[in-house]
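In the UniProt record's numbering, the protein residues as written are 1 to 102.
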Ligand code: FES
């Protein structure tokens, strides 16, 4: 059963393994991915293409794109995704200034 806030689910339920930049993380299955990664200690989700400044989740509602990660080869907003077993997650590697949010 879903609760009102995705943050309330982080410490309950089964955990699954995902890969983040080659490291194995155990995250709560079905939790908000951005919240789960933050809770696991991941602070930088991407860097800006121009200055290389670190970015992490800010709005948690799909508006800022600061939570962009590559999931199974596709750029996705982590705050809009639920944790699932076996996800291959990495920081985006090929963002160009012309095709990425700042
Ligand atoms: S945290 Fe802003 S789009 Fe995900």
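Positions of the beta carbon are idealized from the N, C-alpha and C atoms, including for glycine. As the structure is a computational prediction, the values presented were derived from the model and not from experiment.
Residue 34: CB within 8 Å of a non-hydrogen atom of the ligand FES: As a working mapping, residue 34 is identified with position 34 in the chain shown. For the ligand FES, at least one heavy atom lies less than 8 Å from the Cβ of residue 34.
Strand pairing of residue 29, partner residues [DSSP]: Within the chain shown, residue 29 is the residue found at index 29, counting from 1. Residue 29 is not bridged by DSSP to any residue.
Any beta strand (DSSP E) of 3 or more consecutive residues that is wholly inside the region 47-89: 68-71 and 74-77
Local conformation of residue 36 per DSSP, three classes: Start at 1 with the first residue of the chain shown, and residue 36 comes out as number 36. Note: residue 36 maps to helix in three-state DSSP.
Exposure label - residue 58; buried when at least 16 CB within 10 Å: To locate residue 58, count along the chain shown from 1; it is residue 58. Exposed.
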